[in-house]
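Notes follow the structure.
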Amino acid sequence: MSAEELVDKAGSIREGEELDLDALKQHLEPLLGAKAANLELSQFPGGHSNLTYLLTSADEQWVLRRPPFGSKVKSAHDMSREYRILSALKDVYSYGPVPIHFCGDHSVIGCDFYLMNYIQGLVIRREYPTNLNLSPDQIRTQLLNFFDVLGDLHSVDLVEAGLDTFGKPVGYVRRQVEGWSRRWVDAVTPDTVSCDNTIQWLNDNMPKESGKYSVIHNDYKLDNVIFDTDDPLQLRGVLDWEMSTVGDPLMDLGCTLGYWVQTDDPDWFREARQCHRI
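If you're matching positions, the sequence shown starts at 168 in the working numbering and goes up one per residue.
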């Protein structure tokens, strides 16, 4: 795989996920002017959660985000919420996509959607690409930069960003433990291995409320960030903000480390790898 192949490219729209391009052109004409008439639509291959499309007009490109077709879990696919947090971050955090337009008129494509700028670059997925020809020290620098960008997010001043009333930070850790434990119990089948001991351990070892809250991404991993094509040690952007909120930054770090594996981890755990070991 060449470095060029690591650039996410939009392609054919998947069956059943088509959008009404004529309606989009008409809706976006006041925003884009004459460019709207020449819009072409393609779709990015990822997107197991919200769907992501590329709008192209001549040499300009924008990204459209919408919930999956038939989605009913509103909190996980709230386009207005995602748009709000990106709007709040655009002047205080340089790695978020810049939101351009939100539409809550369902007569256009049948749901809420928003446009943002297109960030092009390298996306590293399950296997670390050896063809980047980076030395171990360079890979270490790359991944330290990866964590620095997460730290930059956690350092955003909530008041300055206008996010001091966003989310429900107090009790965040407890809600995560209780909520995910409940989801597990609800999904258990007769052949499921018991997690009672794990759930009990999490409750017994839950840290006390720290009182330190920040913007958290909640799904920060290698295939949700964009590295610079010319300098792959540097990040250009952070994607997929649908789970972002205000909460305990250590929970965000813990989420990222949940994808981190080492050679002495069990085989079953290494199968979940997302991050390359420093």
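Glycine included, every Cβ here is placed at the ideal spot set by N, Cα and C.
So the beta strand (DSSP E) residue i belongs to, where does it begin and stop?
i, result
"Asn205", "Where Asn205 is concerned, there is no enclosing beta strand (DSSP E), given that its DSSP letter is neither H nor E."
"Glu227", "227-233"
"Arg403", "402-405"
"Asn298", "Element bounds for Asn298: n/a, residue is neither H nor E."
"Pro266", "266-270"
"Tyr285", "Here Tyr285 belongs to no beta strand (DSSP E), and DSSP marks it neither H nor E."
"Leu195", "No beta strand (DSSP E) contains Leu195, which is instead part of the alpha helix (DSSP H) from 188-199."
"Ile383", "381-383"
Near residue i, what residues of its chain come up, given a Cβ to Cβ distance below 7 Å and the 5 sequence neighbours on each side ignored?
i, result
"Thr359", "none"
"Val340", "Met373, Pro374, Asp415, Met418"
"Asn385", "Met410, Ser411, Thr412, Asp419, Cys422"
What number of angstroms, rounded off, separates the C-alpha of residue i from the C-alpha of residue j?
i, j, result
"Val477", "Asp304", "Only positions 168 to 445 of the chain appear in the structure, and residue 477 is not among them; the question remains open."
"Ile267", "Tyr285", "11 Å"
"Arg444", "Trp427", "Bear in mind that the predicted position of Arg444 carries a pLDDT of just 47, short of 50, making it unreliable; the figure below should be weighed with that in mind. Each residue's alpha carbon lies about 7 Å from the other."
"Ser179", "Ser209", "6 Å"
"Thr449", "Asp315", "Nothing about residue 449 can be reported from this structure: the residues present for the chain run from 168 to 445 only."
"Leu424", "Leu222", "34 Å"
"Ser247", "Cys270", "9 Å"
"Leu369", "Val344", "7 Å"
"Ile306", "Ser261", "22 Å"
"Ser254", "Asp431", "42 Å"
"Trp351", "Ile252", "29 Å"
"Asp353", "Glu376", "27 Å"
"Val405", "Asn364", "36 Å"
"Ala177", "Gly338", "40 Å"
"Thr308", "Thr396", "16 Å"
If I measure Cβ to Cβ from residue i and keep anything under 6 Å in the same chain, skipping five residues before and after, which residues do I get?
i, result
"Ile366", "Ser348"
"Lys202", "Ser224"
"Gly334", "Thr412, Val413"
Considering just the uninterrupted stretch of the alpha helix (DSSP H) at residue i, what are its terminal residues?
i, result
"His273", "273-276"
"Val355", "Run containing Val355: none; DSSP gives neither H nor E here."
"Gly183", "Taken as a continuous stretch (DSSP letters only), Gly183 belongs to no alpha helix (DSSP H), as it is neither H nor E."
"Ile291", "Per DSSP, Ile291 belongs to no alpha helix (DSSP H) and is neither H nor E."
For residue i, which residues in the same chain have their Cβ closer than 8 Å to its Cβ, ignoring the five residues on either side in sequence?
i, result
"Arg181", "Gln210"
"Ser216", "Pro235, Ala243, His244, Asp407, Glu409"
"Val259", "Val323, Asp324, Glu327, Ala328"
"Leu108", "No information on residue 108 is available, as it lies outside the stretch 168 to 445 that the chain covers here."
Mind checking whether residue i and residue j have CB atoms under 8 Å apart?
i, j, result
"Asn312", "Leu206", "no"
"Ser411", "Val382", "yes"
"Leu310", "Val413", "no"
"Arg233", "Met283", "no"
"Leu317", "Tyr387", "yes"
"Pro264", "Val230", "yes"
"Leu173", "Pro296", "yes"
### Query
Would you call the stretch 388-396 and the stretch 282-301 touching, i.e. three or more CB-CB distances under 8 Å?
yes
### Message
Under 8 Å: do the stretch 271-283 and the stretch 186-197 share three or more Cβ pairs, one atom per stretch?
### Response
yes
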